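Take a look at the structure set out below.
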Amino acid sequence: MRISQSSFFSQISRQLTDQQSRVFQTQAQISSGQRLQQPADQPELAARLHQLASDSAVNKRYQANLQKVQDTYNLQESALSNAVQQVQRINELSLQAANGSYNAADRRAIGVEVEQLLAGLLDIANQKGMDDSYLFSGYGQQLPFVDNGNNIIYQGSNDQLQVLVGENHHLQVGMPGSLVFGQVLHRDDSSGTITTIDLFTTLKATQSALASDDVDAVRASLDQLSSVHEHLVVQQSATGSRMQRADTLQDILADRDQTLQSLRSQLADVDYIEAVTQLKNQSLALQAGQQSFAQISSLSLFNYIR
Amino acid sequence: MTDLLSTGISGVRTYQVALATVGNNITNADTEGYSRQRVQLVDNGVASQGALNIGTGVRAEQVQRQYNGFLAGALRTSESQLAHQSIAHQYAVELENQVADSRSNLTAAIDSYFEAVHELSTSPASLSARQNLLNVASVMVDRCQQLGQEMQRIDAQSMLDLQQNAEQLNTLSKQLVSVNAILNRNSQLKYQANDVLDQRDVILQDMAKLVRINVTEQANGSVDVYLGEVPGSQQIVSATRATGVGMQGDSLVLDPYRQPQPLTQIRGGSLGGLHEFRQQTLNSVRDELDEVVQVFADQVNRIQRLGIDGNNEFGSDFFTFQPAQRPLDGLQLALTSSASIAAGGAISVASVAANTSTSVIELQYYQQPPSGEMTLLRQAIDIVFDGSARQYDLYDSNNNVVATGNYSVGDIITYNGWTVALNGPVAANDRFEIRGNNYLAGDNRNLLQLANLQHQDLFAGRGDLTTVYTDMVGRLGSTVMQSAQGREVQQALVDQAQMRRDNVSAVNLDEEAADLLRFQQAYQASAQIISTANKLFETMINLG
Chain B
0 MRISQSSFFS QISRQLTDQQ SRVFQTQAQI SSGQRLQQPA DQPELAARLH QLASDSAVNK
60 RYQANLQKVQ DTYNLQESAL SNAVQQVQRI NELSLQAANG SYNAADRRAI GVEVEQLLAG
120 LLDIANQKGM DDSYLFSGYG QQLPFVDNGN NIIYQGSNDQ LQVLVGENHH LQVGMPGSLV
180 FGQVLHRDDS SGTITTIDLF TTLKATQSAL ASDDVDAVRA SLDQLSSVHE HLVVQQSATG
240 SRMQRADTLQ DILADRDQTL QSLRSQLADV DYIEAVTQLK NQSLALQAGQ QSFAQISSLS
300 LFNYIR
Chain D
0 MTDLLSTGIS GVRTYQVALA TVGNNITNAD TEGYSRQRVQ LVDNGVASQG ALNIGTGVRA
60 EQVQRQYNGF LAGALRTSES QLAHQSIAHQ YAVELENQVA DSRSNLTAAI DSYFEAVHEL
120 STSPASLSAR QNLLNVASVM VDRCQQLGQE MQRIDAQSML DLQQNAEQLN TLSKQLVSVN
180 AILNRNSQLK YQANDVLDQR DVILQDMAKL VRINVTEQAN GSVDVYLGEV PGSQQIVSAT
240 RATGVGMQGD SLVLDPYRQP QPLTQIRGGS LGGLHEFRQQ TLNSVRDELD EVVQVFADQV
300 NRIQRLGIDG NNEFGSDFFT FQPAQRPLDG LQLALTSSAS IAAGGAISVA SVAANTSTSV
360 IELQYYQQPP SGEMTLLRQA IDIVFDGSAR QYDLYDSNNN VVATGNYSVG DIITYNGWTV
420 ALNGPVAAND RFEIRGNNYL AGDNRNLLQL ANLQHQDLFA GRGDLTTVYT DMVGRLGSTV
480 MQSAQGREVQ QALVDQAQMR RDNVSAVNLD EEAADLLRFQ QAYQASAQII STANKLFETM
540 INLG
């Protein structure tokens with residue numbers, strides 16, 4: 000076989016360049032910690048990482064959405080728990096006032112306390128939640144409950160804000176004030192019929208009965224007050240079960256996030272032991288190539304013709 | 000005696016030629032396309048003296064060029080394939096790095112848009128979230144334009160390469176015609192100058208790197224060159240004429256200035272590689288990028304138009320396209336104010352409290368009314384069942400019946416573009432209300448629709464936006480892999496072909512060194528013959 004002088008040199012230099020670029024690529028992987036320097040190096044891996052990055056971003060988004068939902072649930076829960084305490088105190092006071100041994104002055108004093116408690120309830124109902132928006136206003140953004148002197152009027156909307164926490168998976172987050180404070184189910188003990196009464200109307204009536212020392216009216220309102228109390232407790236426990244559901248969902252999303260992260264890391268991160276070994280092998284091969292080239296290239300018959 | 004002298008002289012002369020040839024080989028050892036030369040030595044014939052036949056020395060018959068046309072052709076073919084794969088690979092890599100880059104790719108931009116939609120949907124009343132969506136959309140548009148500019152750059156660069164390669168091919172064709180003219184002065188190959196033939200082969204090899212050529216060699220060594228697969232078609236070099244190739248629009252044509260013929264089957268070489276890259280890889284990637292952007296913008300616009308914006312009106316288009324531009328390059332933000340984001344739903348439905356049944360009305364979806372008049376969507380309509388609960392009338396706000404229908408459980412009711420379903424059996428005289436919404440700051444219903452777009456199959460079974468884009472990146476990736484493998488295989492084939500050609504034609508310096516010694520010794524020996532003849536002559540003279 001006749002070996003040409005020029006292709007001998009060009010082939011060896013190409014092989015040395017190839018080896019050198021492999022060494023540099025491994026070195027770049029080690030110093031960056033990333034298996035992929037540019038997508039074209041390993042297109043399949045790039046496509047896979049591309050999909051993973053997108054999945055991971057979406058999952059993180061749902062986690063963030065769910066976190067906001069949980070924050071709102073927490074605020075609702077504590078607001079409702081406060082409201083339950085206020086109503087319970089009103090119930091206790093009304094029960095005392097219904098007692099025949101109390102006189103008009105006592106009832107007026109109780110009436111003043113109930114008025115304060117009612118004002119506290121109004122504050123709770125107008126409480127703000129996330130992002131400076133009201134907790135119980137539906138889609139509306141103006142003050143949900145307004146005291147017009149005679150009564151406390153709801154001016155929010157009846158809608159329930161929903162938040163996406165998965166593909167086509169909504170969680171109901173909003174609690175419109177009209178539902179929480181306006182639709183108290185009450186069974187009339189004498190007639191047995193079920194009607195819907197308004198919390199603030201009921202409490203206002205109790206308060207004015209106390210103020211006007213109308214014992215019969217106070218007694219009559221006791222049943223309704225206990226319905227109001229029960230309603231709020233039901234709302235509170237409904238929020239509690241929503242919170243549990245959200246917690247479970249958050250765990251699932253966190254697991255998925257973990258899975259996606261570790262998958263990404265398995266695919267994208269450099270295995271240092273493997274990479275360093277590879278670098279060692281490649282440098283050795285490059286060195287051997289260089290040395291053998293130096294030796295072979297000095298071989299020439301002309302060296303011996305004197 | 001005189002014969003011995005002339006025999007010696009023939010040796011000295013001949014080995015001078017042989018040494019000169021070896022010298023030429025050595026000095027041209029690195030000359031591209033140089034074919035090793037060998038002196039053909041022949042016996043000078045005999046001088047007959049009666050019964051004696053005495054040889055009369057040696058002569059150099061011919062300086063032969065060591066060449067095998069078949070091996071040269073095989074090398075050309077593999078060089079063609081290598082050049083094809085190399086340039087196709089080089090461009091595919093550049094394209095891949097643009098569309099699959101983890102920071103600048105289109106999915107990342109679209110994902111960030113939906114991210115902002117989600118952000119706003121969880122805090123619909125937040126003005127900063129509203130403004131953020133608009134800002135993110137504007138960044139997304141910028142990214143599309145940047146990617147579009149990269150696509151244009153790759154397009155223009157590959158086009159320029161094509162033109163330059165075509166011009167190189169035309170220059171080589173003209174040079175080959177000049178070589179043909181020189182070769183045509185002789186009718187026989189053996190009279191042709193070796194360097195002219197080498198020059199011819201260098202030109203052919205350079206041409207093969209540009210495009211796959213078919214070569215026909217004439218008896219005197221002049222060549223005809225064809226591009227066509229069919230023998231004898233699409234000739235670019237004849238004995239006297241070079242026919243140019245050039246670009247006409249987006250395609251390569253033969254003879255662009257006289258009788259243009261399309262070169263659709265152009266294969267091999269960098270021209271073939273560029274042609275294939277542009278026709279197959281680049282075009283399909285750009286088409287798919289455009290499709291993704293177009294579908295995304297159209298769908299966002301469709302939903303935006305169904306929602307209620309901050310001015311209590313139906314939304315207007317979110318995105319628009321500059322006319323006469325590809326969608327990717329021409330995408331623009333149409334909204335100028337964050338108040339124009341249509342976050343709210345247009346329709347609410349409710350069962351009337353007085354209904355006998357507990358049937359719940361559910362808004363399944365709504366779309367543009369058949370008449371195209373969007374305001375009809377917000378028209379207040381009551382669905383009122385008759386005494387049998389199997390028939391219903393639709394009333395407008397003036398209590399006029401606008402439509403009637405029959406109903407059985409599970410039916411949907413459609414009017415004015417909306418579609419509702421009733422959950423559970425209805426009772427006689429049940430009434431359900433459809434009401435148009437006014438703007439409410441906390442309403443996020445339309446944003447939920449918008450956010451859902453991200454996971455919808457918007458491409459007739461091919462998947463959602465991310466999937467379609469990822470599939471495209473995957474296909475481009477396998478093109479990159481294939482061309483990389485193809486390039487390696489072709490490099491190996493070129494090396495083999497080069498070795499086979501070198502085995503015949505290349506200069507090996509060790510071999511030449513040996514020849515140098517060999518011919519030097521033969522020369523010295525021939526000189527010794529002359530010296531001997533001289534001594535014999537002197538002996539004769541001294542006798543006298």
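Chains B and D, in that order, give the protein sequences. Mapping to numbering that gives the first Met the number 0: the first sequence position 277 is 276, numbers consecutive. Mapping to numbering that gives the first Met the number 0: the second sequence position 124 is 123, numbers consecutive. C-beta atoms are modelled at their ideal positions from N, C-alpha and C, and glycine is treated no differently. The model shown is predicted, which means the values in this text are computed figures rather than measured ones.
1. Hey, how far is the Cα of V140(D) from the Cα of D197(D)?
2. When you compare only the Cα positions, how much space is there between F199(B) and F180(B)?
3. Within the 8 Å Cβ cut-off, does L273(D) reach chain B?
4. If D501(D) sits next to R13(B), beta carbons under 8 Å apart, how far is it from one beta carbon to the other, in whole angstroms?
5. Quick one: does V400(D) have its CB under 8 Å from some CB of chain B?
6. Mark M246(D) as exposed unless 16 or more other C-beta atoms lie within 10 angstroms of its C-beta, in which case mark it buried.
7. Would you say N428(D) faces chain B, with C-beta separation under 8 Å as the test?
8. Since L330(D) is in the beta strand (DSSP E), which residue starts that stretch and which ends it?
9. Less than 8 Å between the CB atoms is what I'm expecting for V236(D) and L262(D), so what's the real figure, rounded?
10. Please check the pair Y14(D) and A521(D), which I expect to be a contact at CB under 8 Å, by giving their CB distance rounded to whole angstroms.
11. From the beta carbon of V162(B), is the nearest beta carbon of chain D less than 8 Å away?
12. Give the C-beta separation of N219(D) and L182(D) to the nearest angstrom, bearing in mind that I take them to be a contact with Cβ-Cβ under 8 Å.
13. Under 8 Å Cβ-Cβ, which residues of chain B neighbour G56(D)?
14. Counting only beta-carbon separations shorter than 8 Å, does S101(D) have a partner in chain B?
15. Going along chain D, which residues have a C-beta under 7 Å from R241(B)?
16. Quick check: is the beta carbon of T16(B) nearer than 8 Å to any beta carbon in chain D?
17. With DSSP run on the structure shown, which of helix, strand or coil describes M373(D)?
18. Tell me whether the beta-carbon of L285(B) lies closer than 8 Å to the beta-carbon of Q62(B).
19. Return the CA-CA distance between D197(B) and H230(B), expressed in angstroms with no decimal places.
20. Quick one: is M0(D) buried, meaning 16 or more other Cβ sit within 10 Å of its Cβ, or exposed?
21. Is the CB-CB distance between V68(B) and V162(B) below 8 Å?
22. Could you list which residues in chain B have their beta carbon closer than 8 Å to that of E114(D), in chain order?
23. Pick helix, strand or coil for R35(D), following the three-state DSSP scheme.
24. Hey, would you say L44(B) sits closer than 8 Å to F292(B), going by beta carbons?
25. Am I right that P369(D) and L376(D) are in contact with their C-beta atoms under 8 Å? What's the rounded C-beta distance?
26. So what does DSSP say about M0(D), is it helix, strand or coil?
27. Please check if any C-beta of chain D sits within less than 8 Å of the C-beta of I193(B).
28. For L116(B), return the contacting residues in chain D, with the cut-off set at a CB-CB distance below 9 Å.
29. Does any CB atom of chain B fall closer than 8 Å to the CB of M0(D)?
30. With DSSP as the reference, identify every bridge partner of T319(D), one or two as the case may be.
31. Leaving out the 5 sequence neighbours to the left and right, which residues in its chain are closer than 8 Å to R517(D) when beta-carbon positions are compared?
32. Quick one: measure Cβ to Cβ for L4(D) and I529(D), integer angstroms, because I've assumed they're closer than 8 Å.
33. Hey, I265(D) and G271(D) are a contact pair by Cβ (cut 8 Å); roughly how many whole angstroms apart?
34. Do the CB positions of M471(D) and R285(D) come within less than 8 Å of each other?
35. Report the residues of the stretch 438 to 450 of chain D with a CB closer than 7 Å to any CB of chain B, ordered along the chain.
36. Please report the straight-line C-alpha distance between S60(B) and G288(B), rounded to a whole angstrom.
On the basis of the supplied data:
1. Reading the second sequence from its first residue, position 141 is the one you call residue 140(D). Reading the second sequence from its first residue, position 198 is the one you call residue 197(D). Straight-line Cα distance between these residues: approximately 57 Å.
2. Translated into positions along the first sequence, residue 199(B) becomes position 200. Translated into positions along the first sequence, residue 180(B) becomes position 181. Each residue's alpha carbon lies about 7 Å from the other.
3. As a position in the second sequence, residue 273(D) is number 274, starting the count at 1. So no, L273(D) is outside the interface.
4. Translated into positions along the second sequence, residue 501(D) becomes position 502. Translated into positions along the first sequence, residue 13(B) becomes position 14. The pair is not a contact, with the Cβ atoms about 15 Å apart (cut-off 8 Å).
5. Locating residue 400(D) in the second sequence gives position 401, where the first residue counts as 1. No, because no Cβ of chain B sits closer than 8 Å to the Cβ of V400(D).
6. Sequence index remark: in the second sequence, residue 246(D) carries index 247 (1-based). The residue in question, M246(D), is exposed, as its Cβ has fewer than 16 Cβ neighbours within 10 Å.
7. Position 429 of the second sequence, counted from the start, is the residue given in the question as residue 428(D). Answer no: the Cβ-Cβ gap between N428(D) and chain B never drops below 8 Å.
8. Residue mapping note: residue 330(D) aligns to position 331 of the second sequence, counting from 1. Its beta strand (DSSP E) spans residues 330 to 332.
9. As a working note, residue 236(D) is residue 237 in the second sequence. As a working note, residue 262(D) is residue 263 in the second sequence. The pair is not a contact, with the Cβ atoms about 15 Å apart (cut-off 8 Å).
10. Within the second sequence, residue 14(D) is the residue found at index 15, counting from 1. Within the second sequence, residue 521(D) is the residue found at index 522, counting from 1. Their Cβ separation, rounded to whole angstroms, is 5 Å, which keeps Y14(D) and A521(D) in contact under 8 Å.
11. Position 163 of the first sequence, counting from 1, holds the residue named residue 162(B). True, the Cβ-Cβ gap to chain D drops below 8 Å.
12. In the second sequence, residue 219(D) corresponds to position 220, counting from 1. In the second sequence, residue 182(D) corresponds to position 183, counting from 1. Correct: roughly 6 Å between the Cβ atoms.
13. Residue numbering aside, residue 56(D) sits at position 57 when the second sequence is read from its first letter. The premise fails here: G56(D) is roughly 28 Å from chain B at the closest Cβ pair, so nothing lies under 8 Å.
14. Residue 101(D) sits at position 102 when you count from the first residue of the second sequence. Chain B, which has a Cβ nearer than 8 Å to the Cβ of S101(D), makes this yes.
15. Here residue 241(B) refers to the residue found at position 242 of the first sequence. Per Cβ cutoff of 7 Å: no residues; R241(B) is ~16 Å from chain D at best.
16. For the purposes of this step, residue 16(B) is taken as residue 17 along the first sequence, with counting starting at 1. Answer no: the Cβ-Cβ gap between T16(B) and chain D never drops below 8 Å.
17. Here residue 373(D) is taken as the residue at index 374 of the second sequence, counted from 1. Here M373(D) sits in helix by DSSP.
18. Locating residue 285(B) in the first sequence gives position 286, where the first residue counts as 1. Locating residue 62(B) in the first sequence gives position 63, where the first residue counts as 1. No, these two residues do not count as a Cβ contact at 8 Å.
19. If you number the first sequence from 1, residue 197(B) lands on position 198. If you number the first sequence from 1, residue 230(B) lands on position 231. Those two C-alpha atoms are separated by around 11 Å.
20. By one-based count along the second sequence, residue 0(D) stands at place 1. Residue confidence for M0(D) is low, a pLDDT of 47 falling below 50, so the modelled location carries little weight; the figure read from the coordinates is stated next. The residue is exposed, with fewer than 16 neighbouring Cβ atoms inside 10 Å.
21. Position 69 of the first sequence, counted from the start, is the residue given in the question as residue 68(B). Position 163 of the first sequence, counted from the start, is the residue given in the question as residue 162(B). Yes, the pair counts as a contact, with Cβ atoms nearer than the cut-off.
22. In the second sequence, the residue the question calls residue 114(D) occupies position 115. What E114(D) touches in chain B: A56, R60.
23. Working through the second sequence from its first residue, we reach residue 35(D) at position 36. The answer is coil: DSSP assigns R35(D) none of H, G, I, E or B.
24. Indexing the first sequence from 1 puts residue 44(B) at position 45. Indexing the first sequence from 1 puts residue 292(B) at position 293. Taking 8 Å as the Cβ cut-off, L44(B) and F292(B) do not qualify as a contacting pair.
25. Counting from one through the second sequence, the residue named residue 369(D) turns up at place 370. Counting from one through the second sequence, the residue named residue 376(D) turns up at place 377. That belief does not hold up - the Cβ atoms of P369(D) and L376(D) are roughly 11 Å apart, past 8 Å.
26. As a first step, residue 0(D) is located in the second sequence; it is residue number 1 there, counting from the start. At M0(D), the pLDDT of 47 sits below 50, so the modelled position is not reliable; the number obtained from the coordinates is stated separately. Reduced to three states, the DSSP call for M0(D) is coil.
27. What you label residue 193(B) is simply residue 194 of the first sequence in a count that begins at 1. Not an interface residue.
28. One-based indexing of the first sequence puts residue 116(B) at position 117. What L116(B) touches in chain D: nothing, since even the nearest Cβ is about 29 Å away.
29. Working through the second sequence from its first residue, we reach residue 0(D) at position 1. Any reading at M0(D) must be qualified, since the residue scores a pLDDT of 47, below 50, and its modelled position is unreliable; the value itself is stated next. It does not; no Cβ of chain B falls within 8 Å.
30. If you number the second sequence from 1, residue 319(D) lands on position 320. Answer by DSSP bridge pairing, in chain order: Q331(D).
31. For the purposes of this step, residue 517(D) is taken as the residue at position 518 of the second sequence. Nothing meets the Cβ criterion.
32. For the purposes of this step, residue 4(D) is taken as residue 5 along the second sequence, with counting starting at 1. For the purposes of this step, residue 529(D) is taken as residue 530 along the second sequence, with counting starting at 1. Yes, L4(D) and I529(D) are in contact; Cβ-Cβ is about 6 Å, under 8 Å.
33. Residue 265(D) sits at position 266 when you count from the first residue of the second sequence. Residue 271(D) sits at position 272 when you count from the first residue of the second sequence. I265(D) to G271(D), Cβ: 5 Å. Contact.
34. The residue labelled residue 471(D) in the question sits at position 472 within the second sequence. The residue labelled residue 285(D) in the question sits at position 286 within the second sequence. No, the Cβ-Cβ distance between M471(D) and R285(D) is not below 8 Å.
35. L439, A440, G441, D442, N443, L447, A450
36. Within the first sequence, the letter at position 61 stands for residue 60(B). Within the first sequence, the letter at position 289 stands for residue 288(B). Here the sequence assigns Arg to residue 60(B), which means Ser is not the residue at that position. So the two alpha carbons sit approximately 52 Å from each other.
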